[in-house]
Structures are given as structure tokens and as C-alpha cells.
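Quick note on this note's numbering: the sequence shown kicks off at 28 and runs consecutively.
Notes for the one structure printed next.
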Amino acid sequence: MSDQRTVLVLNSGSSSVKFQLVQPDTGTSVAHGIVERIGDDNASAALVLGGRDWGRETPIADHEAALRTVFELFDEAGARLDEQGLMAVGHRVVHGGQDLYRPTVVDDALLATITELSPLAPLHNPPAVLGITTAQKVLPDVPHVAVFDTAFFHDLPPAAATYAISRDVAREWKIRRYGFHGTSHQYVSERAAEFLNVPLQSLNQIVLHLGNGASASAIVGGRPVDTSMGLTPMEGLVMGTRSGDIDPGVVMYLWRTAQMSVEDIETMLNRSSGVQGLGGATDFRELHRQIDAGSEDAGLAYDVYIHRLRKYIGAYLALLGTVDVLTFTAGVGENDAAVRRDALSGLAPLGIELDEHLNDSPARGPRIISADRSPTTVLVIPTNEELAIARACVDALT
Ligand code: AMP
């Protein structure tokens, strides 16, 4: 039995559940894993604990069976979940709409509100609700806390949050820039200040969260002043499978002229666009392999990705005037030195200059990668949304 309290953080998708058991006080990740292809005959569950892996491939009928399989894996690993000092389950919820932004202990009213918000996030909120209700069923004795991906951006300045469409339509349908990946942008911007040992309040920051999903934010004194994702997580940067910014006219054209259904257009923009749609690979390691092998499609996908990223960096430079810190995070941002180099090349006149050697270093933790003379300090900070969610749970319960 551990004497440290823990939080089980769950990120529930329609056919997958990612989990991590975190000690909020020490920041230690005790265990993590994923259940994939729920509902399929070839589902799989994996747990990493104490540097060892446990897993199985077996039919997993539904989310409840998925969680029970996870508990069995904990048992097999000799670390029963009920002996881990579990104080809460933290649920990542993508869309909190206008009203849900504080980490909140789940009750029926909260679940009803998250469900009502489903039209704003049809791919994300329904599985989150399913994940919460299932987890409540199998872990009834601990509080469940919802933590919203939109929360950090709740107070975006109106000029950044407002779309220039009919005011009445926007009001009626609650259309605004909500922003996503907020837990990551907040965590990383706070970590950057801590790492540099300077007050958060004194910093103008740009955070580039470049994972499978990707978003940028401009942050003044710890508060975001703009972010690239919008009403939904489809706007902004080019992503693994999502288009990011496009002319809304493309949607009408596909609907009216190509006679695609709204669902087909949505699926195309979410799942078969971005670098996948252009270059045939979502994973940047594969994209680089294809570029090295001479693929022109992969080369164009990479160029479009970098072009968009540079446009956002330029836009946020103009918004902020001076940028003290620019931070790369998430899978691509933390690992892909070429993306970081190409995103920032030629920006020395604007105060951003990488140190090629530091940028190419395979180091893993938080680190500086800019040249000493660079007025903007460029960092790589590994994101840790699970720890941020675990700590948000503690705040919600105290
Ligand atoms: P995330 O959504 O933060 O988990 O990021 C996942 C993405 O990170 C993958 O799809 C890859 O494109 C990218 N990624 C992970 N590891 C590497 C690596 N070593 N080099 C380049 N890209 C990576």
C-alpha cells in the first residue's frame, strides 16, 4: 500500500481509454496505459508500471469491460488499484462550453450539461460522458472530477474570442473561439516560468503544442490572449489528420457541388486531412522517412505544415510585440528537431534564434534550445496534461 495519494486520470475516446495513475503531490506517474479498439474482437489493453509492461489482446465489449480489464492488469502487476491511495478520478473533457471552466466534481447536473454541449464537440463529449458514467459505476467510492480542455481560454479577450459573423447568430448558437489543449498550454507556460525561474506575470509567451492535434497560444502574464483552435478543435495549425484553417467556402462547395454529406465532410476534415491527407502519414517519423525516400506528396505535406506554423508564430509575434519565451511541446514539438528548426529559421531579425547544436540534442527534459544572444528564449518543455489534471482534481476537492 502506497502512502502517497494518487489520482487516476482518464481520457476516454469512442473506442479507446487512456489512463495514468499520478501522485499529484510528488508529480510521479505511477502507471499508465491504454485500452484500444473497444468493441472489437482484437481489442488490446496495456499497462506500464514500475518499468514493466502488462498487456493482453482480447475482445473488450465496452468501456466498462475496458476499465475492468485495466483493474485486472493492475492486479496482475501486484499493485491493486484500491491499495494505491486513490483519492479521485480525473476526467479529461474536451468541451466545457461557456459555462464549465472550473475543475468540477461530477454530479448529475454536470453530466447533463456536458451532454448538452455534445453538438459543439460531437466526436469528443459523448465518449467523455460514457467514460465518466462507466468509471463512476466501477469506482463508486471516490469523487470524479471533470477537467475541461477549454477552461484556460475561457477569458480570452473578446477581440480574440469573437468570430466576425452575425452577432445574433453567434449569440443564439454560442459560437465563439473556445480554444482547446488548454490544460497543456497552461501547464507548459507555468513550467516555462518555473524552469527559467522568473515570475509568470512578467512573461510574454508563445506555446506551440504540436502533437497529433496541434495548437498555438499567445500568453501574457500567464493569461492567454489568443489561441489557434476555435469553436471546435479543427481550426488553426495543420495537424496529423485535421486540416486546420480552411476557407469555410470549401465546406459549402463540397456540400453543394460535390454533394458530400455534412458527416462525410466532417470526417474528411477531421480524419483524412492534415499531413495524413496530403502526405499519407500522420506520424512525423514516417513523414520524414517518406521525404527522404523522395516522396513529393510527403514533402508538400511537410512544407504546408511548416508554412502554417510560421504564419501563426508571426501573427502572435505581432500580437505580443515582444516575446520572452517560445516553447515547443507535445509529440512533434518535443521530438522533431527539424520541425523546430524550420519553424524558426530566418527569424533572428525578429529576435528568435535557435542554437542548432542544442536543438539537435537528443535530451528529453525541459531545456533551452535558443542561442545565448537570442532575445526570445526558445524552450522544449514536455507537456504533462495528466499531472495538470491530477492537480486540478486536488484543487477541486480542497
Ligand atoms: P501526441 O499527440 O503529443 O502524443 O503526439 C503524437 C505525435 O508525435 C505522433 O503522431 C508523431 O507525429 C509525433 N512524434 C512522436 N515521437 C516523435 C519523434 N521521435 N520524432 C518525430 N515525431 C514524433
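From the three backbone atoms N, C-alpha and C, an ideal C-beta is built for every residue, glycine too.
Determine the contact status of residue i and residue j, defining contact as a CB-CB distance below 8 Å.
i      : j      : result
Thr403 : Asp351 : yes
His181 : Tyr128 : yes
Ser41  : Pro154 : yes
Ala115 : Ala93  : no
Gly341 : Leu237 : no
Ser270 : Gly307 : no
Gly263 : Asp272 : yes
Thr354 : Ala220 : no
His151 : His122 : yes
Gly117 : Val174 : yes
Leu427 : Val247 : Lying outside 28 to 425, the shown extent of the chain, residue 427 is not represented and no answer is given.
Val97  : Leu74  : yes
Ser397 : Asp387 : no
Thr202 : Leu258 : Contrary to the premise, residue 202 reads as Ile rather than Thr in this sequence. In this structure, Leu258 lies closer than 8 Å to Ile202 by Cβ.
Ala417 : Pro86  : no
Ala370 : Ile395 : no
Tyr339 : Ser288 : no
Ile379 : Val405 : yes
Leu138 : Ile159 : yes
Thr349 : Gln303 : no
Leu235 : Ala245 : no
Ser216 : Gln228 : no
Phe179 : Pro260 : no
Leu147 : Gly124 : yes
Leu305 : Val278 : no
Ala187 : Arg204 : yes
Thr161 : Phe207 : no
Val99  : Lys164 : Note that residue 99 is Glu in the sequence shown, not Val. No, the Cβ-Cβ distance between Glu99 and Lys164 is not below 8 Å.
Gln111 : Leu37  : no
Val366 : Phe311 : yes
Asp89  : Gly54  : no
Alpha helix (DSSP H) containing residue i: first to last residue?
i      : result
Thr111 : The sequence given here has Gln at residue 111, not Thr. Where Gln111 is concerned, there is no enclosing alpha helix (DSSP H), given that its DSSP letter is neither H nor E.
Val215 : 209–223
Ala93  : 90–103
Thr254 : Counting along the chain, Thr254 falls outside any alpha helix (DSSP H), though it belongs to the beta strand (DSSP E) covering 250–254.
Thr140 : 135–143
Ala419 : 412–424
If I follow the unbroken beta strand (DSSP E) through residue i, where does it start and stop?
i      : result
Gly82  : 79–84
Asn38  : 33–39
Thr160 : Unbroken run through Thr160 is the alpha helix (DSSP H), 152–165; no beta strand (DSSP E).
Glu262 : No beta strand (DSSP E) contains Glu262, which DSSP labels as neither H nor E.
Gly60  : 56–63
Ile233 : 231–237
Val359 : Element bounds for Val359: not the beta strand (DSSP E) but the alpha helix (DSSP H), 357–362.
Ile246 : 241–247
Ala191 : Neither: Ala191 is in no beta strand (DSSP E) and is coded neither H nor E.
Val172 : 171–175
Phe46  : 44–49
Ala398 : Here Ala398 belongs to no beta strand (DSSP E), and DSSP marks it neither H nor E.
Val407 : 404–407
Val75  : 71–76
Does any residue of chain D bring its CB to less than 8 Å from the CB of residue i?
i      : result
Thr403 : Absent here is chain D; the protein component of the structure consists of one chain.
Open item on the list: Strictly closer than 6 Å from CB to any heavy atom of the ligand AMP: give me those residues in the order they appear in the chain.
Closed with: Gly238, Asn239, Gly267, Thr309, Asp310, Phe311, Arg312, Ala357, Gly358, Val359, Asn362, Asp363
TODO: Tell me, please, whether the stretch 41–61 touches the stretch 128–140 by the rule of three or more beta-carbon pairs shorter than 8 Å.
DONE: no
Task: Uninterrupted beta strand (DSSP E) stretches inside the stretch 273–354 (no shorter than 3 residues) - done: none
TODO: Take every Cβ of the stretch 409–422, pair it with every Cβ of the stretch 205–212, and state whether three or more of those distances are shorter than 8 Å.
DONE: yes
Task: Ordered list of alpha helix (DSSP H) runs contained in the stretch 371–396, each at least 4 residues - done: 383–387
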